[in-house]
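A short write-up of the structure that comes next.
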Amino acid sequence: MNSSADALSPVATAVAARPAQEQRLTAVRIPLRDRAWMPFHTVRAIGPVRTPSTARVRELLIKLWQTAPRHPLVCRMDERTAVRRPVPADQLDGYLGAVIVPAPAGADAVELARLLQARPLDGLPFMIAISDRAAAMRSAHVIGDTATANPWFFGLLRAGDPDRALDLITSGRTTRFPLAAALINQFGRNPRRAIRAFRRALPLGPATGAAETPVAATVGTPELITRTATPDVEAALRTWRADHAPKASVAALWMAASVRALRLHGIDTGDGVFTMMNCRRYLPEGAAVQGNFAVGPYLLPDDLADPNALGAELAGAAADGVPLVLLTAIAARSVLRRGRPAQMPTMASPGSAPKINLSYFGGISADDVDFVEPGDLDGQRHGQYVVAAEPAGPNAVTYVFARSPYGMHLSATAHREYTDVVALDGALQSVATDPVGLLDGMV
17 MNSSADALSP VATAVAARPA QEQRLTAVRI PLRDRAWMPF HTVRAIGPVR
67 TPSTARVREL LIKLWQTAPR HPLVCRMDER TAVRRPVPAD QLDGYLGAVI
117 VPAPAGADAV ELARLLQARP LDGLPFMIAI SDRAAAMRSA HVIGDTATAN
167 PWFFGLLRAG DPDRALDLIT SGRTTRFPLA AALINQFGRN PRRAIRAFRR
217 ALPLGPATGA AETPVAATVG TPELITRTAT PDVEAALRTW RADHAPKASV
267 AALWMAASVR ALRLHGIDTG DGVFTMMNCR RYLPEGAAVQ GNFAVGPYLL
317 PDDLADPNAL GAELAGAAAD GVPLVLLTAI AARSVLRRGR PAQMPTMASP
367 GSAPKINLSY FGGISADDVD FVEPGDLDGQ RHGQYVVAAE PAGPNAVTYV
417 FARSPYGMHL SATAHREYTD VVALDGALQS VATDPVGLLD GMV
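Written out as structure tokens, the structure reads:
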């Protein structure tokens, strides 16, 4: 790995090249809509991929600092005042040394993800760790959801081609007043739809039993569990769908199979589930958003483990605009709280049903990153795309699905103090191995 001294010359050159007035940039206020996400972070990792050297990544970040000094990746986060502060010239070298984390040679995606899970951001917007076969990025959720953070991560992995990399990192834009534009586009011609969406958005979460007395919880780093379902397994699932659940989305099938597996392994899922949905679908044509524009409504289908029922609930919530109603409520709460971020939950009831959060990220294509055939790397049997999201409380389980050319990647995070992680591991293994068998048990 390169030491900080390796970049001193490029840093000095960049500082000299930036005009003095640009070196005195003022802080950038974090949008009210994003401040609710301050307590959260996400680690994403991928491999096997062709990775740039850390020196190349440093050079790319220096160029980003020089050309776009207010970009979130080159600003420190001040949560107390809810601002991003551009890195001053005399702190740039130290900043680069902090965000680029030394990684063991040969480390795979899971190892790198766990490495970054254990390192607090402490005001940094992100960290990146790169081995010779994999890379991981830990990012503050306040700087962006998956639709924002993934292009930045993949852009950093293109550091060997800085022009293309900078285009990925800086090409995003945000339409003025995107939430208002989405509300008008979704509800403007049919105000009754807003009423229906509001009613459908309730309840906001599972009911809490009166006998469940919250107790203080001291929890450590969430446990990360990951499995990959091969393309053959997913092909079999699609065939099953054609015969048994043709109206259900592929996402609904994976989610229902996962709920079934959790229950079979003794994990209480309750009757409902939180599911992240991207509100960009409600924007008018040509509009765009950087930052956060996704939210997780609580869904209560007739049968959470039935892909037809879950699929119908997912489709209905999306069509009515339930996620947009919730995003509006989050923004309004931020205004009422004068932008103060909510605190990460630290109380829970041991033995109560965990809050299950299911997120379907979609696909990672070969155009996003430069994949390497697993056979080209000793000991790497298949590709990995790992997502370690911060669970929304000690007794929560966050479950992520993402597809790559290697298959469907399943990641789950939970605190072992509240969740049986051995059972959770078994549940993921069941889903990755035979989701059809899980669903056949309900037919």
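According to our numbering, the residues represented by the sequence shown are 17 to 459, in order. Idealized CB from N, CA, C, for every residue including glycine. All figures in this text were calculated on a predicted structure; none of them were measured in a lab.
Residue i classed as buried or exposed, judged by whether at least 16 other C-beta atoms fall within 10 angstroms
i, result
"L107", "According to the sequence provided, residue 107 is Gln. The question's Leu does not apply to it. Exposed is the call here."
"H57", "buried"
"K371", "buried"
"N206", "exposed"
"M360", "With a pLDDT of only 40 at M360, under the threshold of 50, the placement of this residue in the model should not be trusted; the figure read from the coordinates follows. Looking at its Cβ environment, which holds fewer than 16 other Cβ atoms inside 10 Å, M360 is exposed."
"D384", "buried"
"D259", "exposed"
"L220", "exposed"
"T97", "exposed"
"A125", "buried"
"A152", "buried"
"H398", "exposed"
"D161", "buried"
"S375", "buried"
"F169", "buried"
"V403", "buried"
"V438", "exposed"
"G204", "exposed"
"L182", "buried"
"P407", "buried"
Within 8 Å, strictly: CB atoms of residue i and residue j
i, j, result
"R174", "V59", "no"
"L15", "I185", "Outside the displayed span of the chain (17 to 459) sits residue 15, for which this structure offers no information."
"T414", "N373", "yes"
"V158", "I283", "no"
"V447", "S274", "yes"
"T164", "G188", "yes"
"P10", "A217", "No answer is possible for residue 10: the residues shown for the chain start at 17 and end at 459."
"L128", "S147", "yes"
"G122", "Q400", "no"
"I241", "L444", "yes"
"I116", "R74", "yes"
"A150", "A61", "yes"
"G379", "T246", "no"
"L195", "R49", "yes"
"P410", "V266", "no"
"P421", "F377", "no"
"P238", "G286", "no"
"R276", "L454", "yes"
Nearest-angstrom Cβ-Cβ length linking residue i and residue j, presumed shorter than 8 Å
i, j, result
"G327", "A264", "3 Å"
"T190", "A304", "6 Å"
"P141", "L76", "Going by Cβ atoms, the distance from P141 to L76 rounds to 15 Å, so no, they are not a contact pair."
"A213", "D336", "4 Å"
Neighbourhood of residue i by C-beta, 6 Å cutoff - its chain only, sequence neighbours within 5 removed
i, result
"F290", "G312, Y314 and N373"
"H425", "T244, Y401 and A418"
"A43", "V99 and R101"
"L330", "A268"
"A210", "F203"
"Y111", "V103"
"P68", "A175 and G176"
Beta-carbon proximity list for residue i, same chain, < 7 Å, skipping 5 on both sides
i, result
"C295", "A198, F309, A310, V311, P339, L340 and L343"
"A84", "T186"
"V452", "A252, L253 and W256"
"A382", "P421"
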